[in-house]
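What follows is a set of notes on a single structure, which appears directly below.
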Amino acid sequence: VLPAHVTIVEVGARDGLQNEERVTTADKVNFINLLSKTGLKHIEAGAFVSPKWVPQMADSQSVITQIERTSGIIYSALTPNKQGLELAIQSGIDHVAIFGSASEGFSQHNINCSVSESLKRFEPVMLLAKQYNIPVRGYLSCVVDCPFEGPTPPEKVASVAREMIDLGCYEVSLGDTIGTGTPLRIATMLESVNQNIPINQLAVHFHDTWGQALANIYQALSMGVSVIDSSTAGLGGCPYADGASGNVATEDVIYLCQGLGIETGIDLNQVAEAGWDICQRLGKLPSSKVSLAIKAR
Ligand code: HMG
Ligand code: MG
3 VLPAHVTIVE VGARDGLQNE ERVTTADKVN FINLLSKTGL KHIEAGAFVS PKWVPQMADS
63 QSVITQIERT SGIIYSALTP NKQGLELAIQ SGIDHVAIFG SASEGFSQHN INCSVSESLK
123 RFEPVMLLAK QYNIPVRGYL SCVVDCPFEG PTPPEKVASV AREMIDLGCY EVSLGDTIGT
183 GTPLRIATML ESVNQNIPIN QLAVHFHDTW GQALANIYQA LSMGVSVIDS STAGLGGCPY
243 ADGASGNVAT EDVIYLCQGL GIETGIDLNQ VAEAGWDICQ RLGKLPSSKV SLAIKAR
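The structure is reproduced here in structure tokens:
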């Protein structure tokens, strides 16, 4: 059964812009301010990661302190360690997210430690977040395939996801980081994870590299998943996963939901406008088919 309502977690300003070199702080602030007027309820606004690893996110503190915060919207950021969380707290963030991997290879390349080391490193992050009453989301990457190791066993995804919930994450977002998943594999993976974790604590985070993201989202929706990560204009990728193109486009997810009679509370045209605005600044076209179709109308 399909959910009646879906929450979209907008990751364009983080997952999207972490891969863009020519984007100013003012452009990011403007983009997030436009998104804040669309009905989106959760906007990921930056990442407090090492600037040596991802220089594109080095201005997250400035971005988060400069945006016009709309009440009722959760503004969040990635925090891989305590150092990142301290900076996030200083910026007045609402929610943070830790991010781990279901595969060892990606863990090493993305956060420079093993899966088990990462879970240890998250403990002090969870403790400090709790002290400040900051809810923590968990991302799990490579839930289908790893760019370094090939297929990820669904049981491995299930066990690491469960460890993130046990650490205190309110939700785990399951990432098909390189977008190779197809609906059957998504179903098998979700069934495995759902044995350990209730469906209302799971979100899906699909990259559209192989054009399968919408089909995979439909599969996840049909299994009761009601939190979808997406990126306006389909911006994005991952600096540590070669060829990982953008996330599924927010516009495309909204259009899919509209057609399925699923409520999102988001204005499709306004999201599309925000997408055209940031893309113009980036000198590219949105990769959202829905956005291109709206413009061509
Ligand atoms: P490390 O080099 O092992 O860490 O990196 P370290 O503790 O040895 O620190 C090295 C230097 O970084 C030190 O500076 C620290 O101060 C500094 P130095 O003493 O050399 O001058 N540093 C920091 N600075 C600012 N903020 C911080 C911070 N931490 C350390 N928080 C670390 C380990 C995890 C920090 C690093 O690997 C890192 O930042 N990785 C982040 C990579 C990243 O952002 N990837 C993209 C996001 S994940 C993603 O896109 C996937 C997702 O979308 C889901 C999906 O699609 O699957 C979420
Ligand atoms: Mg991602």
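If you count the sequence shown from 1, you need to add 2 to reach full-length UniProt numbering.
Beta carbons: idealized from backbone N, C-alpha and C, even for Gly.
Just so you know, these numbers come straight off a predicted model, no measurement behind them.
- The ligand MG has no heavy atom closer than 6 Å to the beta-carbon of D269.
- In this structure, D17 has its CB closer than 6 Å to one or more heavy atoms of the ligand MG.
- The C-beta distance from A274 to S289 rounds to 12 Å, too long to meet the 8 Å contact threshold.
- Of the heavy atoms belonging to the ligand HMG, at least one sits nearer than 6 Å to the Cβ of W55.
- Relative to the non-hydrogen atoms of the ligand HMG, the Cβ of Q110 never comes closer than 6 Å to any of them.
- Residue pairing by DSSP places R139 opposite A99 and E173 in a beta bridge.
- Membership of F208 in the beta strand (DSSP E) is indicated by the continuous run L204 to F208.
- Taken through DSSP and simplified to helix, strand or coil, L80 comes out as strand.
- A direct Cα-Cα distance of roughly 23 Å separates A251 from N112.
- When the Cα atoms are used, E165 and G140 turn out to be separated by approximately 10 Å.
- M191 and S161 have their C-alpha atoms some 11 Å from each other.
- Between the segment 178 to 188 and the segment 138 to 155, the count of Cβ pairs shorter than 8 Å is three or higher; the stretches touch.
- Membership of E46 in the beta strand (DSSP E) is indicated by the continuous run H44 to A49.
- Straight-line measurement puts the Cα of I136 at about 10 Å from the Cα of G94.
- Under the three-state reduction of DSSP output, G236 falls in the helix class.
- Per DSSP, the unbroken beta strand (DSSP E) holding E12 starts and ends at T9 to E12.
- When secondary structure is reduced to three states using DSSP, G152 falls in the strand class.
- In this structure, I34 lies away from A49, with their beta-carbon atoms at least 7 Å apart.
- Across the set Q92, L262 and W55, the C-alpha of Q92 shows the shortest separation from the C-alpha of V65.
- Within the same chain, Cβ atoms closer than 7 Å to the Cβ of L4 are found at L223, S224, L262 and I264, the five residues on either side in sequence being excluded.
- Under a 10 Å Cβ-count criterion, D210 is classified as buried, with 16 or more other Cβ atoms of the shown protein chains found around its own Cβ.
- Taking a C-beta distance under 7 Å as the contact criterion, S228 and V8 qualify as a contact pair.
- For E157 and I188, the gap between their C-alpha atoms comes out near 13 Å.
- H207 sits close to D231, with the two beta carbons spaced by under 7 Å.
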